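Novice: Here you go, one structure.
Protein chains: 2
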Amino acid sequence: MNKIIIEARVNELATRKGNPHVPFLPHEIIADAKACYDEGAAIVHFHGRTADGAPDHDPGFYLETNAGIRAQSDILIHPTLGYVANDTDAKGRFAAIEEMMKAPETAPDFAPMDTGSVNVDWWNPEAGRYDTTDLIYKNSTATLMYFAERIRHHGLTPYLVSWNVSFTRQIEQFLKMGVLSQPAYICFCMTDEIIFAGHPGTTAGLDAHTTFLPAGFDTVWTVVNYKGDLFELSEKIIREGGHISIGLGDYAYRDGPRHLTNAEVIAKIVAQARALGREPATVAETREILNMPEKQIAA
Amino acid sequence: MNKIIIEARVNELATRKGNPHVPFLPHEIIADAKACYDEGAAIVHFHGRTADGAPDHDPGFYLETNAGIRAQSDILIHPTLGYVANDTDAKGRFAAIEEMMKAPETAPDFAPMDTGSVNVDWWNPEAGRYDTTDLIYKNSTATLMYFAERIRHHGLTPYLVSWNVSFTRQIEQFLKMGVLSQPAYICFCMTDEIIFAGHPGTTAGLDAHTTFLPAGFDTVWTVVNYKGDLFELSEKIIREGGHISIGLGDYAYRDGPRHLTNAEVIAKIVAQARALGREPATVAETREILNMPEKQIAA
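So the sequences go chain by chain: B and H. Going by our numbering, the letters in the first sequence line up with residues 1 to 299, in that order. Going by our numbering, the letters in the second sequence line up with residues 1001 to 1299, in that order.
Given below as structure tokens:
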């Protein structure tokens, strides 16, 4: 069985009400990235946050945090483009990555491409209604082709996020066109509770993703369960040869009454993978599995 | 087994290169609507077209055609809002329906709601690339809630189109909120060849739609296969209790070398449904199955 790529999704927009161990500030994220790396994670993904947990889109946040992570390990960095909050043109959405690419210590390894458009309004489960009604996460074909070109230019690896079957089919067309290289690294997104834009975080929801992996192309897939417990699906994913993207950013993981840290979540998934016969992929092994190119630093 | 609702999708944007029987002008559509009704169709759906087949968005086209259809039968009319070509605000997109609702002879029975957003660029199979790169079919939650309110106001029935799982999940949230009444009439959209925005027109593509029918709510579902042969799936749909939306608008149906007319396509699907034990629903039976309200004419 192939090695398993473990990605630590350390904070997203999660609050500390659910789990007090969610890292916000650069030094907290840097410490978690190292601790997750030590447990077997090969990739780290994080969002900029202020001391009280609000989103922090300051480019300086990402430069400081990337450099801090790099100083402690060679864990691969998967940055954000700012999601629907950064609803500007293609160049503007990619500007933070361009900035990061100016020095080796701040350069990430991946750049995300969410390969389609989808309504992403926030659902309020207590009130039984939407809290927003105008959030369309727009990623036009032209924008995606621009991202792909810049990713290739910088020697980065596209981190392809599929929210539903339409996104996966667009990946297939891009593979046909040569806009994307092989293997395509695809993250199947499942969502629940406060957002219903992805597939449900169930066996059926996962199957309805993986069934449509582009046939005839080399693909590697991982799974995110935003607001759902990925351990309910992890055995299935591990047995089917998938990879795992998990952390406190997605779900307030516990062990009984005790709140887990990100590193403990990674340790738990690594133990499960090993018990099922899959060793965690090191950074070097992850580079090989994904056939990652050499980064081109701009400055 | 319940009766089966047959909808005739007579023209969409189909050319006469594939099948010379595609109706364009009002008198051609009116004739096809009657012929399809005589064969067992309970619903007709059409797009305005000029004599040479170009799209015709003139509201007068729809008023004339609706009135002509009404004069010949009580077949239920399912209009278009103009799809992505009519990319204006919610009120503007619904303006043609408001116009139609001013007289009983032009009033439709359904109004469509495509319950989400999705990239709908046209793929060029010969060239192996996209012909467009900026077509996002945007249906925000706010726009959909506006449509639902106007549909309720007019006593129309929402024709809910789901292109992927995210669209179906938004229908479920609207059912929870009471924005939609029950039963919800859901059309599962499958696409191929020149557009990959829907699910593939395969058994797996259909299953990945029906698996996510909102649990705990009363739903009725039909299937469209845009650019695919729906007869490859029709036995499965009929056996599973689904309904059928089919016609030359979607696929250049033939019988060997012979091009079928819309009425012949309807006759063929009705024969198959009868052979499998399901009679076509009359207009009155369709109204009952879908619990359709009484229309409120404005003028």
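Heads up, the beta-carbon is just placed ideally off N, CA and C, and yes, glycines get one too. Keep in mind that this is a model prediction, so the values were computed, not measured.
Alpha carbon to alpha carbon, what distance is there between A1031 of chain H and A1284 of chain H?
Specialist: One C-alpha to the other measures close to 21 Å.
Novice: Any idea which residues DSSP pairs M1113 of chain H with across the strands?
Specialist: For M1113 of chain H, which the question treats as bridged, DSSP gives the partners H:L1160.
Novice: Excluding five sequence neighbours on each side, which residues of the same chain lie with their C-beta closer than 6 Å to the C-beta of P1104 of chain H?
Specialist: Correct list, in chain order: I1297.
Novice: So, do the stretch 1222-1229 of chain H and the stretch 1188-1206 of chain H have three or more beta carbon pairs nearer to each other than 8 Å?
Specialist: Judged by Cβ distances under 8 Å, the stretch 1222-1229 of chain H makes contact with the stretch 1188-1206 of chain H, as three or more pairs qualify.
Novice: Could you name the residues of chain B that G1228 of chain H contacts, counting a contact when the two beta carbons are closer than 9 Å?
Specialist: Going along chain B, no residue has its Cβ under 9 Å from G1228 of chain H, so there is no contact; the nearest lies around 13 Å.
Novice: Please determine, among B:I238, B:D121, B:D207, the residue with the shortest C-alpha to C-alpha distance to A197 of chain B.
Specialist: Among B:I238, B:D121, B:D207, the Cα nearest to that of A197 of chain B belongs to B:D121.
Novice: Give the residues from the stretch 1118-1143 of chain H that approach chain B closer than 7 Å (Cβ to any Cβ), ordered along the chain.
Specialist: Those residues of the stretch 1118-1143 of chain H that come within reach of chain B (Cβ to Cβ, closer than 7 Å) are V1118, N1119, D1121, W1123, G1128, R1129, Y1130, T1133, D1134, I1136, K1138, S1140, T1141, A1142.
Novice: Does the pairing of the stretch 1268-1287 of chain H with the stretch 1231-1251 of chain H give three or more beta-carbon distances under 8 Å?
Specialist: The stretch 1268-1287 of chain H vs the stretch 1231-1251 of chain H: in contact.
Novice: Could you list which residues in chain B have their beta carbon closer than 7 Å to that of M1292 of chain H, in chain order?
Specialist: Within chain B, no residue comes near M1292 of chain H; the closest Cβ sits about 26 Å away, beyond 7 Å.
Novice: Taking a cut of 9 Å between CB atoms, which residues from the stretch 1146-1174 of chain H lie near chain B?
Specialist: The stretch 1146-1174 of chain H vs chain B, Cβ under 9 Å: W1163, N1164, V1165, S1166, F1167, R1169, Q1170, E1172, Q1173.
Novice: Can you tell me the Cβ-Cβ gap for M1100 of chain H and A1107 of chain H, rounded? I've got them flagged as a contact below 8 Å.
Specialist: Indeed, because the Cβ distance is near 6 Å, the residues count as touching under 8 Å.
Novice: Applying the 10 Å Cβ sphere with the 16-neighbour rule, what's the burial state of A184 of chain B?
Specialist: Buried.
Novice: What are the start and end residues of the alpha helix (DSSP H) that includes Y1185 of chain H?
Specialist: Premise fails: Y1185 of chain H lies in the beta strand (DSSP E), 1184-1191, not in any alpha helix (DSSP H).
Novice: Would you mind telling me which residues of chain H sit closer than 8 Å to K176 of chain B, beta carbon to beta carbon, in chain order?
Specialist: Within chain H, the residues near K176 of chain B are G1128.
Novice: For L1277 of chain H, decide whether its Cβ has a neighbour in chain B, counting only Cβ atoms nearer than 8 Å.
Specialist: In the sequence as presented, Leu is not what sits at residue 1277 of chain H; that position holds Gly. So, not an interface residue.
Novice: Which residues does DSSP list as the beta-bridge partners of Y130 of chain B?
Specialist: Y130 of chain B pairs with B:W123.
Novice: Under DSSP, the beta strand (DSSP E) around S245 of chain B begins and ends at which residues?
Specialist: It spans 243-246 - the beta strand (DSSP E) in which S245 of chain B sits, taken as one unbroken run.
Novice: Within 10 angstroms of the Cβ of T1015 of chain H, are there 16 or more other Cβ atoms? Answer buried if so, exposed if not.
Specialist: Exposed, since its Cβ has fewer than 16 Cβ neighbours within 10 Å.
Novice: Using a Cβ-Cβ cut-off of less than 9 Å, give me the residues of the stretch 1194-1206 of chain H that come near chain B, in sequence order.
Specialist: Of all residues in the stretch 1194-1206 of chain H, F1196, A1197, G1198, H1199, P1200, A1204, G1205 have a Cβ within less than 9 Å of some Cβ in chain B.
Novice: In or out: D87 of chain B buried (at least 16 other Cβ within 10 Å) or exposed?
Specialist: Under this definition D87 of chain B is an exposed residue.
Novice: Closer than 7 Å, Cβ to Cβ, to anything on chain B: give me those residues from the stretch 1093-1120 of chain H, in chain order.
Specialist: Listed in sequence order: G1116, S1117, V1118, N1119.
Novice: Would you say A85 of chain B reaches chain H, if we count a Cβ-Cβ gap shorter than 8 Å as a contact?
Specialist: Cβ-Cβ to chain H under 8 Å: no for A85 of chain B.
Novice: Specify, as a first and last residue, the run of the alpha helix (DSSP H) that Y1062 of chain H falls within.
Specialist: Per DSSP, Y1062 of chain H belongs to the alpha helix (DSSP H) from 1059-1072.
Novice: Which whole runs of the beta strand (DSSP E) in the stretch 21-63 of chain B are 3 residues long or more, in chain order?
Specialist: Counting whole runs of 3 or more residues, the stretch 21-63 of chain B contains the beta strand (DSSP E) stretches 43-45.
Novice: Do we get a CB-CB distance below 8 Å when we pair A1184 of chain H with the residues of chain B?
Specialist: It does not; no Cβ of chain B falls within 8 Å.
Novice: Of all Cβ atoms in chain B, is any one closer than 8 Å to the Cβ of T1210 of chain H?
Specialist: So, not an interface residue.
Novice: Going by DSSP, what residues sit across from E7 of chain B in a beta bridge?
Specialist: B:I43, B:S245.
Novice: In angstroms with no decimal places, state the Cα-to-Cα distance between K102 of chain B and A95 of chain B.
Specialist: Distance between the alpha carbons of K102 of chain B and A95 of chain B is about 11 Å.
Novice: Could you check what DSSP says for V179 of chain B in three-state terms: helix, strand or coil?
Specialist: Coil at V179 of chain B, not helix or strand.
Novice: DSSP three-state call for D207 of chain B: helix, strand or coil?
Specialist: Looking at D207 of chain B - three-state DSSP - the assignment turns out to be helix.
Novice: Going by DSSP, name the residue or residues bridged to T1222 of chain H.
Specialist: H:C1187, H:H1243, per the DSSP bridge assignment.
Novice: Can you grab the Cα-Cα spacing for the pair E1007 of chain H / I1043 of chain H, in whole Å?
Specialist: Straight-line Cα distance between these residues: approximately 4 Å.
Novice: With distances taken from CA atoms, which of B:E12, B:P125, B:G128, B:S245 is nearest L76 of chain B?
Specialist: Of the candidates B:E12, B:P125, B:G128, B:S245, the one whose C-alpha sits nearest the C-alpha of L76 of chain B is B:S245.
Novice: Here's the rule: buried if 16 or more other CB atoms are within 10 angstroms of the residue's CB, otherwise exposed. What is A33 of chain B?
Specialist: Per the 10 Å Cβ criterion, buried.
Novice: Classify T203 of chain B as buried or exposed, calling it buried when 16 or more other Cβ atoms lie within 10 Å of its own Cβ.
Specialist: With fewer than 16 other Cβ atoms within 10 Å, it is exposed.
Novice: Is the Cβ-Cβ distance between T141 of chain B and N1119 of chain H less than 8 Å?
Specialist: In this structure, N1119 of chain H lies closer than 8 Å to T141 of chain B by Cβ.
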